[in-house]
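Visitor: Chains as they are written, first to last, in this note's numbering: chain V, 1 to 206; chain S, 207 to 332. Every residue gets a Cβ at the ideal spot worked out from N, C-alpha and C, and that includes glycine. The structure that follows is given in the form of structure tokens.
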């Protein structure tokens, strides 16, 4: 992957922004990130926190204090000094302890929904609503999945009217691009100085 | 980790992740770098490698990637080292003055409309 062509501290400082891609397991997060950017796995060796107690079985592993999680990570170069990062956040509840760090300072989020398992994206919707992080809900158009009216989906998700809801094909670059544009437009419409996500920083190794 | 005949990319790490940090799990300066904090090597930092600094091969790989401005996530993906390990090793390089942090974390408030417009223009041009 090419990095921004800038050398040393004397060059214009690089600015990085991040957008989270959330949704249930199998909702198409990896597909979406790879449709629009080069994807690389990002390994995180996360401390096993209270959030994973009772979820990650530690029987017979008294010394195990961390767990390895691979995140999908995409990079979109906007200009020499501006880069947009996409992070696919693992949807399973046992990975929730990672969300606060990823959400900290994020521009916003795309919640991918699969109408066959709409309930899988409830936790993501709840999370971003609670944090006040701008988000859009993108219904991934899987082949063979039933098509529902977006109004019905909005009702089923109990989604506020001001949260954009759209159909997306996570495999299609133009479709993903439009979804990202809708998200950034809605962030811009949200007004200057909107409160940031109040993410709690995770201290490694505790 | 050198590519070996018996090790495939998906085999996972051959050494325990924090072995390359000497067992340390927290950055030496106590400061946890944001996943998209931007860092860059100071000019001449690669030449200053000597025994006193005790740089490991992983330190040198990270330093090589810092010759251009890069984020913590870029470095972790580029070196295939776990994020936590990169944070610990980067903090060593920062403490020794070899690397400096340009941006620790995104600004507290959402970026201004000019930045959002630049992002929109960039996305539309994809």
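Quick one: using the 10 Å Cβ neighbour count with 16 as the cut-off for buried, is residue 75(V) buried or exposed?
Guide: For the purposes of this step, residue 75(V) is taken as the residue at position 75 of the first chain. It is buried - the Cβ of residue 75(V) has at least 16 other Cβ atoms within 10 Å.
Visitor: Check the DSSP bridge columns for residue 165(V) and list the partner residues they point to.
Guide: The residue labelled residue 165(V) in the question sits at position 165 within the first chain. The partner list for residue 165(V) (beta bridge, DSSP) reads 137(V).
Visitor: According to DSSP, is residue 199(V) part of a helix, a strand, or is it coil?
Guide: As a first step, residue 199(V) is located in the first chain; it is residue number 199 there, counting from the start. The pLDDT assigned to residue 199(V) is 43, lower than 50, so where the model puts this residue is not dependable, and the model offers no usable value.
Visitor: Could you pull the start and end residues of the beta strand (DSSP E) that residue 305(S) belongs to?
Guide: Counted from its first residue, the second chain places residue 305(S) at position 99. Taken as a continuous stretch (DSSP letters only), the beta strand (DSSP E) holding residue 305(S) covers 305 to 309.
Visitor: Roughly how many whole angstroms lie between the Cα atoms of residue 145(V) and residue 180(V)?
Guide: In the first chain, the residue the question calls residue 145(V) occupies position 145. In the first chain, the residue the question calls residue 180(V) occupies position 180. Between residue 145(V) and residue 180(V), the C-alpha separation is close to 23 Å.
Visitor: In chain S, which residues lie with their C-beta within 9 Å of the C-beta of residue 42(V)?
Guide: As a position in the first chain, residue 42(V) is number 42, starting the count at 1. Within chain S, the residues near residue 42(V) are 241, 279, 282, 283, 288, 289.
Visitor: Within 10 angstroms of the Cβ of residue 323(S), are there 16 or more other Cβ atoms? Answer buried if so, exposed if not.
Guide: The residue labelled residue 323(S) in the question sits at position 117 within the second chain. Result: exposed.
Visitor: Under 8 Å between the Cβ atoms of residue 291(S) and residue 223(S)?
Guide: Residue mapping note: residue 291(S) aligns to position 85 of the second chain, counting from 1. Residue mapping note: residue 223(S) aligns to position 17 of the second chain, counting from 1. For residue 291(S) and residue 223(S), yes; Cβs fall inside 8 Å.
Visitor: Determine whether the beta carbon atoms of residue 73(V) and residue 42(V) lie at a separation below 8 Å.
Guide: As a first step, residue 73(V) must be located in the first chain, where it is residue number 73. As a first step, residue 42(V) must be located in the first chain, where it is residue number 42. Yes, Cβ-Cβ distance for residue 73(V) and residue 42(V) is below 8 Å.
Visitor: Look at the alpha carbon of residue 129(V) and the alpha carbon of residue 97(V), and state the distance between them as a whole number of angstroms.
Guide: Translated into the one-based positions of the first chain, residue 129(V) becomes position 129. Translated into the one-based positions of the first chain, residue 97(V) becomes position 97. Their Cα atoms are separated by approximately 17 Å.
Visitor: Could you please give the first and the last residue of the uninterrupted beta strand (DSSP E) stretch that includes residue 110(V)?
Guide: Position 110 of the first chain holds residue 110(V). Residues 108 to 113.
Visitor: Since residue 73(V) meets chain S, which of its residues come closer than 8 Å, beta carbon to beta carbon?
Guide: Start at 1 with the first residue of the first chain, and residue 73(V) comes out as number 73. Correct list: 279, 283.
Visitor: Please report the distance separating the alpha-carbon of residue 102(V) from that of residue 87(V).
Guide: Looking up residue 102(V) in the first chain gives position 102. Looking up residue 87(V) in the first chain gives position 87. Straight-line Cα distance between these residues: approximately 8 Å.
Visitor: Could you check what DSSP says for residue 243(S) in three-state terms: helix, strand or coil?
Guide: Residue 243(S) sits at position 37 when you count from the first residue of the second chain. Three-state result, residue 243(S): coil.
Visitor: At a CB-CB cut-off below 8 Å, which residues of chain V make contact with residue 330(S)?
Guide: If you number the second chain from 1, residue 330(S) lands on position 124. Simply 177, 181.
Visitor: Closer than 8 Å, Cβ to any Cβ of chain V: which residues of the stretch 314 to 326 of chain S, in chain order?
Guide: Flagged, chain order: 314, 315, 316, 317, 318, 319, 321, 322, 323, 324, 325, 326.
Visitor: Using a cut-off of 9 Å between C-beta atoms, extract the partners of residue 309(S) located in chain V.
Guide: The sequence position of residue 309(S) within the second chain is 103, counting from 1. The answer, in chain order, is 13, 14, 15, 16.
Visitor: Alpha carbon to alpha carbon, how far is residue 252(S) from residue 273(S)? Give it in angstroms, no decimals.
Guide: Position 67 of the second chain, counting from 1, holds the residue named residue 273(S). Position 46 of the second chain, counting from 1, holds the residue named residue 252(S). One C-alpha to the other measures close to 9 Å.
Visitor: With a CB to CB cut of under 6 Å and the five nearest residues on each side skipped, what residues in its chain are close to residue 40(V)?
Guide: Locating residue 40(V) in the first chain gives position 40, where the first residue counts as 1. Same-chain partners within the cutoff: 73.
Visitor: Give the secondary structure of residue 23(V) by DSSP, where H, G and I count as helix, E and B as strand, and everything else as coil.
Guide: Stepping through the first chain from its first residue, residue 23(V) is reached at position 23. Note: residue 23(V) maps to strand in three-state DSSP.
Visitor: Do the stretch 155 to 165 of chain V and the stretch 290 to 308 of chain S make contact, defined as three or more Cβ pairs closer than 8 Å?
Guide: No: fewer than three Cβ pairs fall under 8 Å.
Visitor: Look up residue 69(V) in the DSSP assignment and say whether it is helix, strand or coil.
Guide: For the purposes of this step, residue 69(V) is taken as residue 69 along the first chain, with counting starting at 1. Reduced to three states, the DSSP call for residue 69(V) is strand.
Visitor: Under the DSSP definition of a beta bridge, which residues are partnered with residue 277(S)?
Guide: Counting from one through the second chain, the residue named residue 277(S) turns up at place 71. Beta-bridge pairing links residue 277(S) to 244(S).
Visitor: Measuring alpha carbon to alpha carbon, tell me which of 244(S), 231(S), 282(S) ends up nearest residue 82(V).
Guide: Counting from 1 along the first chain, the entry for residue 82(V) is found at position 82. Closest option to residue 82(V), Cα to Cα, is 244(S).
Visitor: Find the nearest neighbour of residue 249(S) within the set 303(S), 310(S), 329(S), judged by alpha-carbon distance.
Guide: Along the second chain, one-based indexing puts residue 249(S) at 43. It is 303(S) whose Cα lies nearest to the Cα of residue 249(S).
Visitor: Using 8 Å for Cβ pairs, my map puts residue 108(V) next to residue 183(V). What's the rounded Cβ distance?
Guide: Residue 108(V) sits at position 108 when you count from the first residue of the first chain. Residue 183(V) sits at position 183 when you count from the first residue of the first chain. With 8 Å as the limit, residue 108(V) and residue 183(V) qualify as a contact, their Cβ atoms being about 5 Å apart.
Visitor: For residue 224(S), which residues does DSSP report across the bridge?
Guide: Indexing the second chain from 1 puts residue 224(S) at position 18. Partner(s): none; residue 224(S) has no beta bridge.
Visitor: Using the beta-carbon of each residue, which ones in chain V are nearer than 7 Å to residue 226(S)?
Guide: By one-based count along the second chain, residue 226(S) stands at place 20. Per Cβ cutoff of 7 Å: no residues; residue 226(S) is ~11 Å from chain V at best.
Visitor: Nearest CA to the CA of residue 119(V): which residue from 110(V), 136(V), 156(V)?
Guide: Numbered from its first residue, the first chain carries residue 119(V) at position 119. Ranking 110(V), 136(V), 156(V) by Cα distance to residue 119(V) puts 156(V) first.
Visitor: Check residue 157(V) in the structure and name its three-state DSSP category.
Guide: For the purposes of this step, residue 157(V) is taken as residue 157 along the first chain, with counting starting at 1. In this structure, residue 157(V) counts as helix in the three-state DSSP scheme.
Visitor: If contact means a Cβ-Cβ distance below 8 Å, which residues of the stretch 95 to 108 of chain V contact chain S?
Guide: Under the 8 Å Cβ criterion, the stretch 95 to 108 of chain V contributes 101, 102, 104, 105, 106, 107.
Visitor: Decide if residue 44(V) is buried, meaning its Cβ has at least 16 other Cβ atoms within 10 Å, or exposed.
Guide: Start at 1 with the first residue of the first chain, and residue 44(V) comes out as number 44. Per the 10 Å Cβ criterion, buried.
Visitor: Of the residues that make up the stretch 80 to 92 of chain V, which ones have a beta carbon closer than 7 Å to any beta carbon in chain S?
Guide: Here the close residues are 82, 84, 85.
Visitor: What do you get for residue 227(S), buried or exposed, if any count of 16 or more other CB atoms within 10 angstroms of its CB means buried?
Guide: For the purposes of this step, residue 227(S) is taken as residue 21 along the second chain, with counting starting at 1. By the neighbour-count rule (16 or more Cβ atoms within 10 Å), residue 227(S) is buried.
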